[in-house]
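There are 2 protein chains.
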Amino acid sequence: MLSLQLISEAAERIQGAIRKTPVDECPILSDLLGVPVWLKLENEQITGSFKARGALFALLKAKDRGDFQVATCSAGNHGKGMAWAARMLGMQVTIFIPNSVDPTKLEGMIRMGADVRTSAFSGYDETEKWALAEATRIGLPFISAFDDELVMAANGGTVAAEVLDQIPDLETLILPVGGGGLSGGASFYIKETRPSCQIVLCQHEESPALKKSIDLGRAVVEMPVIETVAGGLEGGIGRLTFDVLKTRFDSLELLAEPEIKQAMAWVIRHHQMIIEGSAAVVIAACLRKGFRKPKGPTVLVLSGRNVAAATIAQIMHGNPF
Amino acid sequence: MLSLQLISEAAERIQGAIRKTPVDECPILSDLLGVPVWLKLENEQITGSFKARGALFALLKAKDRGDFQVATCSAGNHGKGMAWAARMLGMQVTIFIPNSVDPTKLEGMIRMGADVRTSAFSGYDETEKWALAEATRIGLPFISAFDDELVMAANGGTVAAEVLDQIPDLETLILPVGGGGLSGGASFYIKETRPSCQIVLCQHEESPALKKSIDLGRAVVEMPVIETVAGGLEGGIGRLTFDVLKTRFDSLELLAEPEIKQAMAWVIRHHQMIIEGSAAVVIAACLRKGFRKPKGPTVLVLSGRNVAAATIAQIMHGNPF
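Below, the structure is given as structure tokens:
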């Protein structure tokens, strides 16, 4: 069960190996929204995304149980985190990936010694089904990229705990939502420890699994494949994560592909940092004309930076300065 | 006088406000050079460059002396660091800048409340002469961007101390050299505490003040203006910094403009980070065919990330993937 105790345990065990990433002031969004706005720089996390947190904690717990070989499925960042953590812990990880994976992320996983297996599918959901069947066939325990209490505790829980430590008067936390590992763990931690704080979640409008799940009253775990620079936001939500999330957020923003690309270019222009599409949704939401002004200090979680150079080139070309 | 004691004092006083930036593995350069290669990420420093260190220490010392208003001259990063430190300390800083300054850096200084005055000159050296005359006229104490023991101690000294703490078996440190504040302080610290460690300095081939100074046996404090993406490496070297540097480095690499741009694109491609031209010289040096292989663990200091989006767009366009 996800609990504050599990989040504390995660924080304790990943400490040292994981970076306590800084929060940077964002003067332009602060002016725009009329409240102090900060960026939580998980793009500066080791392996380039928050996923290293959950991967390390899940592998530490697997090792506790005596499992030295595990399988997982990942669109990229979770796989990179798993490859990094497995190398550090002397474990072997087999990573099943969609064939649409960003080449930068694939390169990262292979360099760190992971056994990477590419699926016949470009979407995450179909790849995961195949991965689960393959893992069962080979006889390896399977670690979900998001629908797992350990992953939720370490990914979202520890990020939120750091944010509250860095900005104790936090009133609004803005996060991307894909499978729900980051947003689930973070929303849980925030609503348990600072219930007055608002949670704003940001999703891709063409893959709105959370919105659909809320409308239907049950987790939509599969979604049609889409082409997007925000690969981490493509696909269904988890059953466990939806269960945590459904009562723990205050608003949901659905962002379009061009807005996401513009937001990536905006961060390059104003903060001289590369962030991936899945991270850029939080910036895109704040840049919208109709975005509701937060009532106090606000933190945007920039979840990662793993994006192919060709995508950067295309974005800079398409959003001239 | 520059001393280990002054560097310790600098480290102590700037601690907390300044980030202890991480070192990242660089697997590709490690393969290429046959030794473990690490990147010291001063591009992740607050204000986007190492210059925040020296600016803060210099202002703390000015405040100790009872000076609450100071003047300085900067091509950008030092100015941004001074503006940030002055705001934090409740001091007023007047910054004289060349008219060629990167708009991103200018914007940063103004946003932080500095009094910015643009010179009639595009080069650093002429601007500094004017700045010194203006500061005298107005009656403000002048803080040099590099030719100052406090700045050397905090900029280069504290970076080197952190690197040795992070990579205790360091054998080679590779740094950019412009005015000599970073390289002077770092070389001093390294040669005093770990004399076996090699220092490799990297300069722009069109503005080789250190090389000229070595050839002539005296500091060349003025150089002809050049157009470059590596604005921080343009101009002469300091008298104090040359005095420290001249006996404390092992080799000097002169890099050309296209190599520097390629190195910026390389870092975007392989590390998903933006670094400025002045930082990219260290990568460019390692990517050269003839670069002499270091004999052991090597750290490259990535000094900053403040670069205009238009420059990034141009670089990505010119170095396709």
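Those sequence lines, one after another, are chains A and B.
Everything in the first sequence is counted per the working numbering, starting at 1 for the first residue and increasing by one.
Everything in the second sequence is counted per the working numbering, starting at 322 for the first residue and increasing by one.
In this text, a Cβ means the ideal position worked out from N, Cα and C, and glycines have one as well.
Just so it is clear, the structure is predicted and the values come from calculations on it, not from any experiment.
Item                                                                                                       : Value
Local conformation of VAL244 (chain A) per DSSP, three classes                                             : helix
Exposure label - THR247 (chain A); buried when at least 16 CB within 10 Å                                  : exposed
Residues bridged to LEU300 (chain A) [DSSP beta-bridge criterion]                                          : A:LEU39, A:ILE174
Residues near ILE214 (chain A) in its chain [Cβ-Cβ closer than 8 Å; skip 5 each side]                      : LYS246, LEU252
Nearest to ALA530 (chain B) (by Cα), restricted to the options B:LEU522, B:VAL541, B:VAL521, B:LEU537      : B:VAL541
Continuous alpha helix (DSSP H) stretch holding ALA85 (chain A): start and end                             : 77–89
Within the region 121–158 of chain A, ranges of the alpha helix (DSSP H) (whole runs, at least 4 residues) : 124–138, 149–152
Rounded separation between LYS610 (chain B) and GLN593 (chain B) - CA only                                 : 24 Å
Chain A contact for PRO419 (chain B) (CB, 7 Å cutoff)                                                      : no
Extent of the continuous alpha helix (DSSP H) run through VAL267 (chain A)                                 : 257–271
Reference ASP486 (chain B), options B:THR457, B:VAL620, B:PHE463, B:GLN635, closest by Cα                  : B:VAL620
Same chain, Cβ closer than 7 Å to LEU13 (chain A), five either side skipped, listed in chain order         : Inspection of the sequence shows that residue 13 (chain A) is occupied by Arg rather than by Leu. So the qualifying residues of the chain are PHE57, LEU60.
Helix, strand or coil at GLU428 (chain B) according to DSSP, with G and I counted as helix                 : helix
Residues that LEU164 (chain A) bridges to, as DSSP identifies them                                         : DSSP lists no partner for LEU164 (chain A).
C-beta contact flag for TYR445 (chain B) and GLU555 (chain B) at 7 Å                                       : yes
Short CB-CB distance (under 7 Å) between ILE382 (chain A) and chain B                                      : Since the displayed chain A opens at 1 and closes at 321, residue 382 (chain A) lies outside it and no answer follows.
Buried or exposed (CB count within 10 angstroms, at least 16 for buried), GLU227 (chain A)                 : exposed
Neighbouring residues, chain B, relative to PRO224 (chain A) (Cβ below 7 Å)                                : Residues of chain B passing the Cβ test: none, with the nearest at roughly 29 Å.
Straight-line Cα distance separating CYS202 (chain A) from PRO258 (chain A)                                : 15 Å
Cβ-Cβ distance between ILE260 (chain A) and VAL282 (chain A) below 7 Å                                     : no
Where the beta strand (DSSP E) containing GLU25 (chain A) begins and where it ends                         : 23–25
PRO22 (chain A) at chain B interface by Cβ criterion, 7 Å                                                  : yes
Pairwise C-alpha distance: ILE636 (chain B) and PRO462 (chain B)                                           : 39 Å
Cβ-based contacts, 7 Å cut-off: residues of the region 20–44 of chain A near chain B                       : PRO22, PRO27, GLU44
Proximity test, ASP446 (chain B) beta-carbon vs the ligand NAP heavy atom, cut-off 6 Å                     : The ligand NAP is not among the ligands present in this structure, which contains no ligands whatsoever.
Chain-ordered neighbours of ARG305 (chain A) on chain B, where CB pairs are closer than 8 Å                : GLN593, MET594
THR71 (chain A) - partner residues in DSSP beta bridges                                                    : Correcting the residue identity first, residue 71 (chain A) is Ala in this sequence and not Thr. DSSP output for ALA71 (chain A) lists A:THR94, A:PHE142 as bridge partner(s).
Integer-rounded CB distance, given that SER278 (chain A) should sit under 8 Å from PRO176 (chain A)        : 5 Å
Backbone CA spacing between ARG305 (chain A) and THR104 (chain A) [nearest angstrom]                       : 10 Å
Simplified DSSP assignment, three categories, for GLN519 (chain B)                                         : strand
Straight-line Cα distance separating GLY500 (chain B) from GLU543 (chain B)                                : 10 Å
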